[in-house]
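Structure first, commentary second.
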Amino acid sequence: MSCKFPDAPDLDTFWRVLRDGIDTTSEIPSERWDLAAFYDPDPNTKGKMYIKRGAFLKDVDKFDAQFFGISPREAESMDPRQRILLEVTWEAFENAGINPDNLRESLTGVYLGLDQTINEYGGSERMKYDPYTATGCGISFPAGRISYILGLQGPSMGMSTTCSSSLVAIHTACQNLKLGECDLAVAGGIQLNLRPEDTIQLCKLRALSSEGRCKTFDASADGYSIGEGCGVILLKRLSDAETCGDRILGIIRGGALNHDGRSAGLTVPNGNAQEKVIADALKHAGLKPSDIAYVEAHGTGTSLGDPIEVLAMNRTLGQGRETPLLIASVKTNIGHLEEAAGIAGLIKILLSFQHKAIPPHLHFNTPNPHISWSEIPLKVNTELSPWPEGRKK
45 MSCKFPDAPD LDTFWRVLRD GIDTTSEIPS ERWDLAAFYD PDPNTKGKMY IKRGAFLKDV
105 DKFDAQFFGI SPREAESMDP RQRILLEVTW EAFENAGINP DNLRESLTGV YLGLDQTINE
165 YGGSERMKYD PYTATGCGIS FPAGRISYIL GLQGPSMGMS TTCSSSLVAI HTACQNLKLG
225 ECDLAVAGGI QLNLRPEDTI QLCKLRALSS EGRCKTFDAS ADGYSIGEGC GVILLKRLSD
285 AETCGDRILG IIRGGALNHD GRSAGLTVPN GNAQEKVIAD ALKHAGLKPS DIAYVEAHGT
345 GTSLGDPIEV LAMNRTLGQG RETPLLIASV KTNIGHLEEA AGIAGLIKIL LSFQHKAIPP
405 HLHFNTPNPH ISWSEIPLKV NTELSPWPEG RKK
């Protein structure tokens, strides 16, 4: 696996951010947009954003085009998300001890979660369009380019399901592996905040924290912080990985997908649907609620969403427990990565396996009063904690 997250350009640094409980948010950098031109603390001001902070990657305009055999002209027309995905995917193969050059014509699939991409750094004005503009952006081309450059002949696709995108990509990869449609899978996602318009839209939805920090499960939670990052994992059937002597970082025992359907609003979580998808995932994994020691929560940090998620976890995972279920969210460290939120949480869990410790959850000072904490066997993990002995993870 490999990653690039705020203040964490690699796995080792990301673990230090998690272990040490670091909040990576900062004032929106001038490289993204002129904050003074778009900021207004009044959320009702048209065309303005009421936030000043977020969690951002550095040097997103840097890229070694020659390494990947891409001309400077074509590289300039590529969306930064596409370039970063190439780099992080290559690093994932290196970290796994796999030479990408040996994968040509292999049944290797690519499954990526991301949103529609627009090349802001190359200029989006129509007079600057060139023969490479069309292939430099879009949801499908990042996966296609990885498959093209490495000569991979398995399924290749990009998908956007908002916050679940990267996990849906991973789930799809797992299903394709089970069906024999690929023998190795690249799966993950990416999120960058390149346009002020996108953040303004979220402000009008009142989805973002006025402080620019994600205070999941706290009484002061008022939304999430925008974040950026990219994460990629490599997947194989367990039997194949064992036969090849691969270093196995974790096992996906089962998963499930669903949708809220009708709820109180298009963006309002449906607790019953959340309960069902958790129960289905447990069933497919062949596990009991008491087998689960820790949950990396979605944890958007909203006064409405947090209680709904905690209630769903309690009803599905809180039964028959002798010890509390530990919960936390990486969003308190790096903000909400939207399409890449799921892969960020998964990489956090895999790193915690390696280091045999669960990182602390941040900004939890006054428990959300809409959650009956004293009556449920769930505990927010606010300090670096060892994994419970003898428990499945």
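Counting from 45, one number per residue, gives the positions in the sequence shown under this note's numbering. Positions of the beta carbon are idealized from the N, C-alpha and C atoms, including for glycine.
- So, is G166 buried or exposed, given that buried needs 16 or more other C-beta atoms within 10 angstroms? Since pLDDT at G166 reaches only 47, below the 50 mark, its modelled position is unreliable, and the value read off the structure follows with that caveat. By the neighbour-count rule (16 or more Cβ atoms within 10 Å), G166 is buried.
- Task: With L422 as the anchor, note down where its alpha helix (DSSP H) starts and where it stops.
- Result: Element bounds for L422: not the alpha helix (DSSP H) but the beta strand (DSSP E), L422 to V424.
- Task: Would you check if there are 3 or more beta carbon pairs closer than 8 Å linking the segment 200–208 to the segment 138–150?
- Result: no
- Item | Range of the contiguous alpha helix (DSSP H) that encloses Q126 | That run of the alpha helix (DSSP H) goes P124 to N139.
- Task: Please name the residue in I193, R125 and R250 whose C-alpha comes closest to that of N88.
- Result: R250
- Message: On the criterion of 16 or more Cβ atoms from any shown chain inside 10 Å, does A217 qualify as buried, or is it exposed?
- Response: buried
- Query: Distance, Cα to Cα, R281 vs E433?
  - Reply: 27 Å
- With DSSP run on the structure shown, which of helix, strand or coil describes R291? coil
- Message: Just list the residues that DSSP pairs C47 with in beta bridges.
- Response: G275
- Contact check, A300 vs A337, beta carbons under 9 Å: Not closer than 9 Å, so no.
- List the endpoints of the continuous alpha helix (DSSP H) containing L196. From DSSP, L196 is part of no alpha helix (DSSP H); its letter is neither H nor E.
- Message: Tell me the DSSP secondary structure of G167 in three-state form.
- Response: Reliability fails at G167, whose pLDDT of 49 lies under 50, so the model's placement of it is uncertain and no value is given.
- C-alpha gap between F382 and S115, whole angstroms: Sequence check: residue 382 is Glu here, not Phe. Pairing E382 with S115, the inter-Cα distance amounts to about 31 Å.
- Skipping 5 residues on each side, what residues in its chain have a beta carbon closer than 6 Å to that of T426? P404, H405 and F408
- Query: Excluding the five sequence neighbours on either side, which residues of its own chain have a C-beta within less than 8 Å of the C-beta of I183, listed in chain order?
  - Reply: For I183, the CB contacts under 8 Å within the same chain, skipping 5 residues up- and downstream, are L158, D159, Q160, T161, G202, M203 and S204 in chain order.
- Query: Near Y176, what residues of its chain come up, given a Cβ to Cβ distance below 6 Å and the 5 sequence neighbours on each side ignored?
  - Reply: E118 and S121
- Quick one: Cα of F441 to Cα of I352, how far? No answer is possible for residue 441: the residues shown for the chain start at 45 and end at 437.
- Let me know if A308 comes out buried or exposed under the rule of 16 or more other beta-carbons within 10 Å of its beta-carbon. exposed
- Message: Under DSSP, the alpha helix (DSSP H) around G349 begins and ends at which residues?
- Response: G349 to L361
- Query: For the alpha helix (DSSP H) that G386 lies in, which residues bound it at each end?
  - Reply: Element bounds for G386: A385 to H399.
- Message: Taking the beta carbon of T344 as the centre, do at least 16 other beta carbons fall within 10 Å, making it buried, or is it exposed?
- Response: Answer is buried; the Cβ neighbour count reaches 16.
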